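Enquirer:
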Amino acid sequence: MALKTTHAVALCAVILAGGCSFAEDALFPTNGTVAPNQTNGDSAKATSPASNEQPALGRTNFEPPGVTVGAPTGTFVGQKVVSLRHDLQQLQATLSRQNQALQAIRNDTVQDSQRYHGTVAAISARLQVGTTPGNPILTQQWNDSQSELDRINDDVLKMTRLSNDVTSSSAMAAYLLDSVRAARQLSGAVDEDHRQLRILEDETNRTVVMIERLLTELSNDITRQQQYIAAERQNLNTLAVAIKNGQLYGPSLASVGLSPAAYEPAAPEAAPMTPVSGDLPLVTIRFDRPDVKYEGALYAAVKSALDRRPDAAFDVIAVSPTGKTPGQQALNDASARRYAEQVVRSLNNMGLPVGRMRVSASTSDTTRDGEVQIFVR
Numbered sequence: 001m002a003l004k005t006t007h008a009v010a011l012c013a014v015i016l017a018g019g020c021s022f023a024e025d026a027l028f029p030t031n032g033t034v035a036p037n038q039t040n041g042d043s044a045k046a047t048s049p050a051s052n053e054q055p056a057l058g059r060t061n062f063e064p065p066g067v068t069v070g071a072p073t074g075t076f077v078g079q080k081v082v083s084l085r086h087d088l089q090q091l092q093a094t095l096s097r098q099n100q101a102l103q104a105i106r107n108d109t110v111q112d113s114q115r116y117h118g119t120v121a122a123i124s125a126r127l128q129v130g131t132t133p134g135n136p137i138l139t140q141q142w143n144d145s146q147s148e149l150d151r152i153n154d155d156v157l158k159m160t161r162l163s164n165d166v167t168s169s170s171a172m173a174a175y176l177l178d179s180v181r182a183a184r185q186l187s188g189a190v191d192e193d194h195r196q197l198r199i200l201e202d203e204t205n206r207t208v209v210m211i212e213r214l215l216t217e218l219s220n221d222i223t224r225q226q227q228y229i230a231a232e233r234q235n236l237n238t239l240a241v242a243i244k245n246g247q248l249y250g251p252s253l254a255s256v257g258l259s260p261a262a263y264e265p266a267a268p269e270a271a272p273m274t275p276v277s278g279d280l281p282l283v284t285i286r287f288d289r290p291d292v293k294y295e296g297a298l299y300a301a302v303k304s305a306l307d308r309r310p311d312a313a314f315d316v317i318a319v320s321p322t323g324k325t326p327g328q329q330a331l332n333d334a335s336a337r338r339y340a341e342q343v344v345r346s347l348n349n350m351g352l353p354v355g356r357m358r359v360s361a362s363t364s365d366t367t368r369d370g371e372v373q374i375f376v377r
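Each residue of the sequence shown is one higher than the one before, counting from 1 in the numbering used here.
#1: Are residue 88 and residue 176 closer than 8 Å when you measure CB to CB?
#2: For a test of the three-state rule: what should DSSP assign to residue 203, helix, strand or coil?
#3: So if DSSP puts residue 314 in a beta bridge, which residue, or which two residues, is it bridged to?
#4: Should residue 353 go down as buried or exposed, given a rule of 16 or more other Cβ atoms within 10 Å for buried?
#5: Report the CB separation of residue 156 from residue 225 in whole angstroms; it is logged as a contact under 8 Å.
#6: Rounded to whole angstroms, what's the CA-CA distance from residue 211 to residue 112? Just pull it up for me.
#7: Is it true that the CB of residue 297 sits closer than 8 Å to the CB of residue 282?
#8: Whose C-beta lies closer than 6 Å to the C-beta of residue 349 among residues of the same chain, with five residues either side of it excluded?
#9: To the nearest angstrom, report how far apart residue 335 and residue 102 are at their CA atoms.
#10: Keeping to the same chain, check which residues put their C-beta closer than 7 Å to that of residue 170; ignore five residues upstream and five downstream.
#11: Quick check: the Cα distance between residue 125 and residue 303, rounded to an integer number of angstroms?
#12: Residue 321 by DSSP, collapsed to three states: which one?
#13: Apart from the five residues on each side of it in sequence, which residues of its chain come closer than 8 Å, Cβ to Cβ, to residue 105?
#14: Which whole-angstrom value describes the C-beta separation of residue 233 and residue 149, a residue pair presumed to lie in contact below a C-beta threshold of 8 Å?
#15: Spatial neighbours of residue 68 within its chain, please: C-beta separation below 6 Å, excluding the five flanking residues on both sides.
#16: Within its chain, find whatever has a CB closer than 7 Å to the CB of residue 119; leave out the 5 residues flanking it on each side and keep chain order.
#17: Following the continuous alpha helix (DSSP H) through residue 132, name the residue where it begins and the one where it ends.
#18: Just verifying my parser: in three-state terms, what is the DSSP assignment at residue 120?
#19: Write down the C-beta distance between residue 377 and residue 318 rounded to the nearest angstrom, noting that I regard them as a contact closer than 8 Å.
#20: Between residue 245 and residue 295, is the Cβ-Cβ spacing less than 8 Å?
#21: Answer yes or no: do residue 248 and residue 138 have a C-beta to C-beta separation smaller than 8 Å?
#22: Relative to the alpha-carbon of residue 243, which residue among 61, 116, 372, 136 has its alpha-carbon at the smallest distance?
#23: Can you give the Cα-Cα distance for residue 367 and residue 58, rounded to whole angstroms?
#24: In three-state terms, what does DSSP make of residue 161?
#25: With residue 343 as the anchor, note down where its alpha helix (DSSP H) starts and where it stops.
#26: May I have the straight-line CA-CA distance separating residue 231 from residue 203, to the nearest angstrom?
#27: I'd like to check one pair, residue 316 with residue 374: are the Cβ atoms closer than 8 Å?
#28: Within this structure, are the beta carbons of residue 378 and residue 322 separated by less than 8 Å?
#29: Looking only at its chain, what residues have a beta carbon closer than 7 Å to the beta carbon of residue 91, apart from the 5 residues adjacent to it on each side?
#30: Buried or exposed, going by whether 16 or more other CB atoms sit within 10 Å of the CB of residue 359?
#31: Distance, Cα to Cα, residue 327 vs residue 284?
#32: Would you identify the three-state DSSP class for residue 148, choosing helix, strand or coil?
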């Protein structure tokens, strides 16, 4: 990829001679000396792995407190106490099984995550030291990591089903607590009946609290794991681009300071045909030869822009040379538009939501080949 060095100068015009160049420092000036922003496919490598750490799972062991045994009194209320005590024992037995299922799911999730991260780390390490584009070994490892991430997703689905079961237990516990309190209002009870009912109410109430804590912890685990899996799928997409080009980029652009609203799907916005702005573009990709290698520098520039301005969005402008005839102009416009769509796909594969990109087209007398300019907005 042929690149030209660009220094930060206020709103200066830039003429780019081919390949991919970016002028991040001109768009985001810093104090002191401005480092040149020349880069190429090799220097665009990232040192950080493409994967995030798995969020911590809850660690509480929700073992039921048990039920105190009481002697039958022979009264009608005493018989009611025996029945309610049996119901609480059954509920706690169910809660114990649900707790065992939770601990097993957590253990499986940790093991599946370790395998996944081990595979991703192996891919990242190989890309870090350099490899051939489209290395079939890395491609197979990427397929393995995809399967391992699917297993983590299956674990989250198990958590969701368990949460539904615990919700049923919560409803049963609330009903049981109401029944115990109602039994204290029945006539014909002896003092021992009320003593046992008070104990039963306390133990039922503790069971209710434990179930609610279990539901809360499960809900938090599910939410964090779902967000983690979504981010990792974006990272895998970026990793696939890195394997295709034989170089490591870093995490998905989706994880670089993007707000939740940015993840809403939206078609790229079509802007009217307007002249290219006089502002310095963040990236200019000139398609002056087949198979231009632009993705490394493109990733580095956009990630750096998002690091500095997390709410940034981008204009992707297809710039076509002025044709001598209407037919030639139409061909130039179509070619430039195709290049812009290719760049949008690359950015989307790197994790940048299409809703943060706006595509437009323009013509220029100063370019002989189709090019794509990217501006920060």
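From the three backbone atoms N, C-alpha and C, an ideal C-beta is built for every residue, glycine too. Being a predicted model, the structure only gives us computed values, none of them experimental.
Expert: Reading off the structure:
#1: Yes, these two residues count as a Cβ contact at 8 Å.
#2: Helix at residue 203.
#3: Paired residues: 357, 376.
#4: So residue 353 counts as buried.
#5: Their Cβ separation, rounded to whole angstroms, is 5 Å, which keeps residue 156 and residue 225 in contact under 8 Å.
#6: Between residue 211 and residue 112, the alpha-carbon positions lie close to 27 Å from each other.
#7: Taking C-beta atoms as the reference points, residue 282 and residue 297 fail to come closer than 8 Å.
#8: Cβ within range, chain order: 237, 241.
#9: If you draw a straight line from the Cα of residue 335 to the Cα of residue 102, it comes to about 56 Å.
#10: Excluding positions up to five away in sequence, the list reads 211, 212, 215.
#11: Residue 303 has its alpha-carbon roughly 20 Å from the corresponding atom of residue 125.
#12: It is a strand residue.
#13: Only 155, 158, 159, 162 meet the Cβ criterion.
#14: About 7 Å separates the two Cβ atoms, so the contact holds.
#15: These residues qualify, in order along the chain: 199.
#16: Counting only Cβ-Cβ distances below 7 Å, and skipping sequence neighbours, we find 141, 144, 145, 148.
#17: Looking at the DSSP string, residue 132 is not in any alpha helix (DSSP H), and its letter there is neither H nor E.
#18: If DSSP states are grouped into helix, strand and coil, residue 120 belongs with the helices.
#19: Distance from residue 377 to residue 318 at the Cβ level is roughly 16 Å; contact not present, criterion being Cβ atoms closer than 8 Å.
#20: Going by C-beta atoms, residue 245 is nearer than 8 Å to residue 295.
#21: Between residue 248 and residue 138, the CB-CB gap reaches or exceeds 8 Å.
#22: Looking at the Cα atoms, 136 is the closest of the given residues.
#23: Rounded to whole angstroms, residue 367 to residue 58 spans 58 Å at the Cα level.
#24: When secondary structure is reduced to three states using DSSP, residue 161 falls in the helix class.
#25: Under the DSSP assignment, residue 343 falls in the alpha helix (DSSP H) whose first and last residues are 326–349.
#26: Roughly 42 Å separates the two Cα atoms.
#27: Yes.
#28: No statement about residue 378 is possible, as the shown extent of the chain runs from 1 to 377 and does not include it.
#29: Within its own chain, the residues whose Cβ lies closer than 7 Å to the Cβ of residue 91, once the five positions on either side in sequence are excluded, are 169, 172, 173, 176, 207, listed in chain order.
#30: Counting C-beta atoms within 10 angstroms of its own C-beta, residue 359 has 16 or more neighbours from the protein chains shown and is therefore classed as buried.
#31: Taking the straight line joining both Cα atoms gives about 26 Å.
#32: Reduced to three states, the DSSP call for residue 148 is helix.
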